[in-house]
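**Q**
Numbering (my numbering), first residue to last: 44 to 549.
#1: With three or more beta-carbon pairs closer than 8 Å as the criterion, would you say the region 295 to 308 touches the region 148 to 161?
#2: Return the CA-CA distance between residue 67 and residue 201, expressed in angstroms with no decimal places.
#3: Quick test of the definition: if touching needs 3 or more C-beta pairs under 8 Å, does the region 216 to 230 touch the region 180 to 188?
#4: Looking at the secondary structure, which residues open and close the beta strand (DSSP E) in which residue 473 lies?
#5: For residue 311 and residue 123, what's the separation of their Cα atoms in angstroms?
#6: Determine the direct distance from the alpha carbon of residue 323 to that of residue 269, and round the result to whole angstroms.
#7: Which of helix, strand or coil does DSSP assign to residue 483?
#8: Straight-line CA distance for residue 105 to residue 135?
#9: Take the Cβ of residue 177 as the centre, count every other Cβ of all protein chains shown within 10 Å, and call the residue buried at 16 or more, exposed below.
#10: Using CA coordinates, which residue listed in 218, 469, 447, 428 is at the minimum distance from residue 405?
#11: Should residue 346 go down as buried or exposed, given a rule of 16 or more other Cβ atoms within 10 Å for buried?
#12: According to DSSP, residue 390 sits in a beta bridge with which residue or residues?
#13: Tell me which residues share the same chain as residue 75 and place their Cβ nearer than 8 Å to its Cβ, disregarding the 5 neighbours each side in the sequence.
#14: How close, in whole Å, do the beta carbons of residue 313 and residue 97 come, if the pair is a contact with beta carbons under 8 Å?
#15: Check residue 533 in the structure and name its three-state DSSP category.
#16: Only counting the same chain, and skipping five residues up and downstream in sequence, which positions put a Cβ closer than 7 Å to that of residue 168?
#17: If you compare alpha carbons, which of 166, 316, 417, 142 is closest to residue 441?
#18: Return the first residue and the last residue of the alpha helix (DSSP H) that residue 93 is part of.
#19: Which residues does DSSP list as the beta-bridge partners of residue 149?
#20: Nearest by alpha-carbon distance to residue 307: which of 278, 340, 258, 350 is it?
#21: Can we say the region 376 to 395 touches the region 475 to 489, given the rule of at least three CB pairs closer than 8 Å?
#22: Would you check if the region 398 to 415 and the region 468 to 481 touch, i.e. whether three or more CB-CB distances between them fall below 8 Å?
#23: Return the Cβ separation of residue 129 and residue 230 in integer angstroms, given the expectation that the two are a contact with Cβ distance under 8 Å.
#24: Name the DSSP beta bridge partners of residue 184, please?
#25: Under 8 Å by Cβ, that's how I've got residue 454 and residue 419 pegged, so tell me the actual separation to the nearest angstrom.
#26: Considering only DSSP beta bridges, list what residue 430 is partnered with.
#27: Once DSSP output is grouped into helix, strand and coil, what is the label at residue 541?
#28: Based on DSSP bridge pairs, tell me the residues matched to residue 490.
#29: On the DSSP letters alone, give me the boundaries of the alpha helix (DSSP H) that residue 440 sits inside.
#30: Give me the residue from 535, 248, 461 with the minimum Cα distance to residue 95.
#31: Please identify the residue among 276, 271, 316 whose C-alpha is closest to the C-alpha of residue 295.
#32: How would you label residue 356, buried or exposed, when you count the other beta carbons within 10 angstroms and need 16 or more for buried?
#33: Count the other C-beta atoms from every protein chain shown that fall within 10 angstroms of the C-beta of residue 336, then say buried if there are 16 or more, exposed otherwise.
#34: Among 492, 189, 199, 541, which has the Cα closest to the Cα of residue 352?
#35: Alpha carbon to alpha carbon, what distance is there between residue 179 and residue 188?
#36: Take residue 194 and list the residues in its own chain whose beta-carbon comes closer than 6 Å to its own, dropping the five residues that flank it on each side.
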C-alpha cells in the first residue's frame, strides 16, 4: 500500500509538470481556456475594445494611421533621448539595474536587460521626464509615454516585427482615445490622471496583442489592469519627481496584467460604467450621467486616434504655452530689451492662475519639475532665450543662470481686475515695467501644438534637437536614425534597432 501511495504521488507530480510545460521562457498556465459565450466573457464595451485590440488586422489599418504612428514613435523616442538626463532618471535606472532579474528587455541607453516590467517602467520615466511628449486633446492624456515603452519592450521580448509593434501602438492608442473621450465627457474634476488611468487600458491591450493573448485573456487583462488603475495630479501640484513616473507605473502594471491573464488569472469584466465600483462611477466622474453605451465607445471616426495626437512645442505644461509664445513674440520684436532692463513682468490670463502652472518661482528641492509647471519661470526664460526646450530646464541652466532666476522672481501672476484701464480682448497679455520707467504691453496672438501631418518637418527638427541635446548619437548619424524610424514597418524584428540606437555607445 505504501509503495502504491508513493507511486501515485510521484505520478501526480510529474503529470502536473508535464501539463504546465517546461519551456523556461514561458510562465506556467493555471488552466486551459474555457470556451464561453460573449455575454459571459465581459461587458459589451470591454469585450468590444478587446476584440479591437486582438482581431484588428494590420492590412485593415490605413497607411495614414501607420504614418501617424511612426511620427508618434519619432517624437516619443526623441523625448526619451532628452529625458535620459532628467532629474531622478539615473537613480531609477540604477535601482532597476541593482534589482536585476531575468534578462528580458533593454533599459534604454544603458544596454542592461532586466525583467520586462522593470524595463517598461524605466523607459517610460525617461520618455516622460521632460514633459515634452504628445497630448491627445479628446482624452486629455499623454499617450506615447505609456504606450511606446510598452510596445517596444514587449516587441523586444517577443521578437516582434516593426509592423507588429506599430499595429499594437495604433490599436492601443485607439482604445485610449475611445475610452478617454467617454471619461473626459463625464469628468467633474481633474484630480485623477487620465494618462495613467485611461492609458493603462490601451497599454494592456497593446501588450496582450504582442503577447498573442486571446480576446478572453485580453478582457481579463483589462480587469486586472483596472485593479491597478491609479494616478493623480497631487504629484504635479506639489512639483515632485513622482509626476514623471506615474505613466511608468501604469505601463509596468499593464505588462504585468497581460502576463497574469495569459497564465489564467481572471479579472473583473464589468469594469466600465454601470457597476457601483466601475471606472466611471468612482474615478471622478458625474455618477448622475448615464454611462456610455457601446455605440458611443465604438462610434465611427474619420481618422484613427493615433492621427489625432498633438505634439508639444515647449518642455512644460500646456498651461504655460500662451505665456511662452507671448514672451517669444515680445523678445523678437523688442530684441533691444535685456532681462536686466526689466523691473517687473506681470502676467494676465484666463487660466494661468491654476494649480498646473500658477505658482511663483522660488527655491525648490526639485527645480526641474517646478520649471515645467511654473508659468513665471517659463515666461522669464522665454524672454531671454526665445524658446523653452529641455536645454532651458536642464539642471545646469536652472542652477547657474542667475539672470533668468532673478527675472522669474520679478514676474508675477495677476488677475484682470488689476489691469489698468480697459483690459485687452485677449485670453492672455504680458505687462512689462522697465527700469527706465517705460511700460510695454504684449498681447497673446495665437498658438497651437504641432500636428501631424502638416507639422511633420517641425517634429523632425524637434527630434534632432532632442537627440543632439542628449549627446548620445553623433550628429552625422541622426538622419540615419530618422530614416530607420520612417521605415519602421519594414523591420523583421525590433532587437537590431534597439541594439543599434537605444544602447548608449561607449
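A virtual CB, placed ideally from N, CA and C, is assigned to each residue, including glycine.
This structure is a prediction, so every number in the text was calculated from the model and none was measured.
**A** Here's the rundown:
#1: yes
#2: Note on residue 67: pLDDT 40, under 50, position unreliable in the model; no value is reported.
#3: Taking 8 Å as the limit for Cβ pairs, the verdict is that the region 180 to 188 does touch the region 216 to 230.
#4: 471 to 477
#5: Near 34 Å, if we compare the C-alpha coordinates of residue 123 and residue 311.
#6: 12 Å
#7: strand
#8: 38 Å
#9: buried
#10: 447
#11: exposed
#12: 456, 473
#13: Low local confidence applies: a pLDDT of 45 at residue 75 is under 50, so the model's placement there is unreliable, with the coordinate-based value given in what follows. Excluding positions up to five away in sequence, the list is empty.
#14: Contact doesn't hold; Cβ gap of about 19 Å is too wide.
#15: It is helical.
#16: 132, 135, 287, 288, 291
#17: 417
#18: 87 to 98
#19: 156
#20: 258
#21: yes
#22: Contact fails: fewer than three Cβ-Cβ distances are below 8 Å.
#23: Going by Cβ atoms, the distance from residue 129 to residue 230 rounds to 29 Å, so no, they are not a contact pair.
#24: Paired residue(s): 179.
#25: 4 Å
#26: In the DSSP output, where bridge partners are listed per residue, residue 430 has none listed.
#27: helix
#28: Paired residue(s): none; residue 490 is not in a bridge.
#29: For residue 440, the uninterrupted alpha helix (DSSP H) run begins and ends at 438 to 443, by DSSP.
#30: 248
#31: 271
#32: It counts as buried.
#33: exposed
#34: 492
#35: 12 Å
#36: 208, 211, 212, 249
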